[in-house]
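One structure is given below, encoded as structure tokens.
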Amino acid sequence: MRWSQAFIPTLRDDPADAEAVSHRLLIRAAFIRQLMAGVYTLLPLAFRSRRKVRKVIEEELDAIGGQEFLFPSLHPAEIWRKTGRLDVMGDEMFRLIDRKSGEVVLGMTHEEIFTTIATELTSYKQLPQIWYQIHTKFRDEPRPKSGLLRVREFTMKDSYSFDIDQEGLDTAFDAHYEAYKRIFARLDLDAIPVEASSGAMGGSGSVEFMVRAEAGEDLVAHCANCGYAANVETALSRVAAVADEAGPESPERFPTPGVRTIEDLVSFEGGAAADRQIKTLIYVLDGEAALVLLRGDHPLQEQKLQDQTGAMDFRPAHPEEIRELLGADAGSLGAVGVDGVRIVADRALEGRMNMTTGANLDDHHLRGVSVERDVEVTEWADLREVAAGEPCIECAEPIDVFRAIECGHIFKLGTKYSEPLGAMVLDGDGKSRPIYMGSYGIGLERNLAAIVETHHDDNGIAWPVTVAPYEAVITVLRRDAETMEAAEAVYSELLGTGVDVIIDDRDERPGVKFNDAELIGIPYRITIGPRGLADGIVEVTVRKTGETEKVAMDGAAAGIADRIRAERS
RNA sequence: CGGGACGUAGCGCAGCUUGGUAGCGCGCCUCGUUCGGGACGAGGAGGUCGCCGGUUCAAAUCCGGCCGUCCCGACCA
Numbered sequence: 024m025r026w027s028q029a030f031i032p033t034l035r036d037d038p039a040d041a042e043a044v045s046h047r048l049l050i051r052a053a054f055i056r057q058l059m060a061g062v063y064t065l066l067p068l069a070f071r072s073r074r075k076v077r078k079v080i081e082e083e084l085d086a087i088g089g090q091e092f093l094f095p096s097l098h099p100a101e102i103w104r105k106t107g108r109l110d111v112m113g114d115e116m117f118r119l120i121d122r123k124s125g126e127v128v129l130g131m132t133h134e135e136i137f138t139t140i141a142t143e144l145t146s147y148k149q150l151p152q153i154w155y156q157i158h159t160k161f162r163d164e165p166r167p168k169s170g171l172l173r174v175r176e177f178t179m180k181d182s183y184s185f186d187i188d189q190e191g192l193d194t195a196f197d198a199h200y201e202a203y204k205r206i207f208a209r210l211d212l213d214a215i216p217v218e219a220s221s222g223a224m225g226g227s228g229s230v231e232f233m234v235r236a237e238a239g240e241d242l243v244a245h246c247a248n249c250g251y252a253a254n255v256e257t258a259l260s261r262v263a264a265v266a267d268e269a270g271p272e273s274p275e276r277f278p279t280p281g282v283r284t285i286e287d288l289v290s291f292e293g294g295a296a297a298d299r300q301i302k303t304l305i306y307v308l309d310g311e312a313a314l315v316l317l318r319g320d321h322p323l324q325e326q327k328l329q330d331q332t333g334a335m336d337f338r339p340a341h342p343e344e345i346r347e348l349l350g351a352d353a354g355s356l357g358a359v360g361v362d363g364v365r366i367v368a369d370r371a372l373e374g375r376m377n378m379t380t381g382a383n384l385d386d387h388h389l390r391g392v393s394v395e396r397d398v399e400v401t402e403w404a405d406l407r408e409v410a411a412g413e414p415c416i417e418c419a420e421p422i423d424v425f426r427a428i429e430c431g432h433i434f435k436l437g438t439k440y441s442e443p444l445g446a447m448v449l450d451g452d453g454k455s456r457p458i459y460m461g462s463y464g465i466g467l468e469r470n471l472a473a474i475v476e477t478h479h480d481d482n483g484i485a486w487p488v489t490v491a492p493y494e495a496v497i498t499v500l501r502r503d504a505e506t507m508e509a510a511e512a513v514y515s516e517l518l519g520t521g522v523d524v525i526i527d528d529r530d531e532r533p534g535v536k537f538n539d540a541e542l543i544g545i546p547y548r549i550t551i552g553p554r555g556l557a558d559g560i561v562e563v564t565v566r567k568t569g570e571t572e573k574v575a576m577d578g579a580a581a582g583i584a585d586r587i588r589a590e591r592s
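Set out below in structure tokens:
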């Protein structure tokens, strides 16, 4: 490619409303332009990089026996109704009406649609199968943000495995796990596999591949000592036991005027330390009010509440609902004496005695509450969110909690989709059995953004060779006849070796060319100018390190080509 | 969904308080001089001031409504 002919509209100023590093750099370096909230045009540079990401993914999926398909983005709503997900997905699903008044949706994932084809599988002898596609997904996110990190239209590699039993599913899952590790390694992403919640996807187990980055939207609990890693949506940690005294025979009510929060009660005369309090939250789970109890100093992790109660739909109760249920306002709520209402309690409250909690009478609390004696707990569950510095659940060393980008997610689905959609095969005994499925996703543009988040400096992006839009740029310092001739010679030699090269033949001053090459992040720069040519040399600069090396003009192209080939992996 | 901010040329912004000819920097075009880290001079092109309505002799500016975009929060009692 000749830069003079390329559409690479780099910007001199940072875009005003880009916050995340990758968002800012991808716009400025002419990779993307926004069309509307959460919808971006990929300019030629981004298209080239995405094509390389795609190739890496295809190679690794093919290597585990994956077969590539292309499924439609338009789906009949009916299929989604069959699995119950038309409702589960809610407003996140784009819906439209066709000319015959038919309900149509835009695909946000493809379990239902792949499974529809999988109904053509009839015998265990056809299994296992791994099917995938790389295609557009539509999700009407409530809040798109950070450039390509959270968008409403994006490209996803989604694969689905089909096996005769759980053991087969485990094998397919492990194969994906290993393939994903290879994919992220090739993309030069330090992705940590992490235990995760399965959310709306359902199923028995899932692993997220997380890349540590400030712009990330997830929190990961990670133990540097033993390697334990989990999304805080599921993460566990050890809780130091609190020594309780037995306390009184029964709870005692006492006035607490003006006390509204845990902290208020800590500093209130006659109150209690936060770890001696019971925090009472009111949630509406699938339309039913429920009490959620935690230790006073423990925050609720809402995803855990949803996962462990099996609620499809949940929200905190409104103030009126709270008053109607318990007869008091938030700040004075408690579970003592509450009957006929679902009470979900965090395990850290098991066996606790002589605690303090709200009395369900405004401005009053109860002390001397022993949880198991005084509260009708309907279910015990792990509900608390872990915090940095707590002892690791595995090895007791302090854990770290950091922000991360979810670059891939793999799920064991089991028969959640095969049963309602009738994807059955006959086993060796001639018995009809539902297929065991797994589903596995990677968002391509999000991965591009994650690479930028982790590969940049003050001058711009520094792409790894595997995904760089161009592997090398020839920066021509002067457009006089001799210099151009030498540059053209190196250019055609590099093209001949198959290197993805662009020659910067623009009528611009050297500084402009250097800055653009660094902003865009091309891994290797070959600088050719009259000064060096007088001695028969050109310069090779490595973007990542900034190191420059003078090499003989003869053989320069071959040398660069070798280095690039070695880094392609 | 709640809260905050913003919308004027391709990009970054001023002008609005106090209504009267739409401006600056970068970028873009032409010519010349330059040319190893975002050059200089001269001359140019480019804008329904987000949209609709109202007030007024007159609206980027005042008033009302709508739309759009970004950021924060997602209720921790």
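Heads up: the first sequence at position 242 corresponds to 265 in the numbering used here, and the numbers run straight through without jumps.
For every residue, glycine included, the Cβ atom is placed at its ideal position computed from N, Cα and C.
Keep in mind it's a predicted model, so treat the numbers as computed, not measured.
The alpha-carbon of Ala52 is positioned some 34 Å away from that of His199. For Tyr459, the uninterrupted beta strand (DSSP E) segment begins and ends at 459-466. Annotation for Asp539: no beta strand (DSSP E) segment contains it, though the alpha helix (DSSP H) segment containing it runs 533-543. Counting only runs that start and end inside the segment 201-236, there is no alpha helix (DSSP H) element of at least 4 residues. Just so you know, the alpha carbons of Leu109 and Gly130 end up roughly 11 Å apart. Three or more pairs of CB atoms, one per stretch, sit closer than 8 Å, so the segment 175-183 contacts the segment 453-468. The three-state secondary structure of Phe196, taken from DSSP, is helix. For the options Arg426, Arg456, His98, Phe137, the alpha carbon positioned closest to that of Arg118 is the one of His98. Beta-bridge partners assigned by DSSP to His46: none are found. In the DSSP assignment, Ile140 falls within the unbroken alpha helix (DSSP H) covering 134-141. Secondary structure at Arg173: strand, using DSSP grouped into helix, strand and coil.
Secondary-structure assignment with DSSP links Arg118 through a beta bridge to Val128.
Of all C-beta pairs linking the segment 204-224 to the segment 412-430, three or more are shorter than 8 Å, placing the two stretches in contact. As summarised for the segment 80-113, the continuous alpha helix (DSSP H) elements at least 4 residues long and confined to that stretch are 100-105, 108-111, given in chain order. Taking a C-beta distance under 8 Å as the contact criterion, Ala236 and Thr506 do not qualify as a contact pair. The alpha-carbon of Ala202 is positioned some 37 Å away from that of Val513.
Thr571: member of the beta strand (DSSP E) spanning 571-575, first to last residue.
Put simply, the backbone Cα of Ala69 is about 32 Å away from that of Thr138. Around the beta carbon of Val79, a 10 Å sphere encloses 16 or more other beta carbons of the protein chains shown; the residue is thus reported as buried.
Only exposed fits Ser592, as fewer than 16 other CB atoms lie within 10 angstroms of its CB. Sequence-distant partners of Lys168 (beyond 5 residues in either direction) whose C-beta falls short of 6 Å from its own C-beta are missing from its chain. Taking a 10 Å sphere around the C-beta of Met378, we find 16 or more other C-beta atoms and assign the residue as buried. Closest by C-alpha distance to Ile153, out of Ser146, Ala141, Arg162, Thr159, is Ala141. Distance from the CA atom of Arg166 to the CA atom of Glu115, rounded to whole angstroms, is 10 Å. In the displayed model, Leu389 falls within a strand according to three-state DSSP.
Its chain contains Thr498, Leu500, Val561, Glu562, Thr564 as the residues whose beta carbon lies nearer than 7 Å to that of Thr550, once the 5 sequence neighbours on both sides are disregarded; these appear in chain order. Gly360 is the residue among Asp385, Gly360, Val409 whose C-alpha sits nearest the C-alpha of Val398. Straight-line spacing of the CA atoms in Glu494 and Pro546 works out to 6 Å.
For Pro67, the secondary structure class from DSSP, reduced to helix, strand or coil, is helix. Of the candidates Val488, Gly559, Ala419, the residue whose Cα lies closest to the Cα of Cys249 is Ala419. Contact between the segment 434-442 and the segment 254-263 is not established, with fewer than three Cβ pairs separated by less than 8 Å. For the segment 260-300, the continuous beta strand (DSSP E) assignments of 3+ residues that do not extend past its boundaries occur at 275-278, in sequence order.
Shown here for Pro553: same chain residues with a beta carbon closer than 6 Å to its own, the five before and five after excluded, namely Arg501, Thr506 in chain order.
Boundaries of the alpha helix (DSSP H) harbouring Arg346: 342-349, taken from the DSSP string. Counting along the chain, Pro339 sits inside the beta strand (DSSP E) bounded by residues 337-339.
As computed with DSSP, Leu317 is found in a beta bridge with Lys302.
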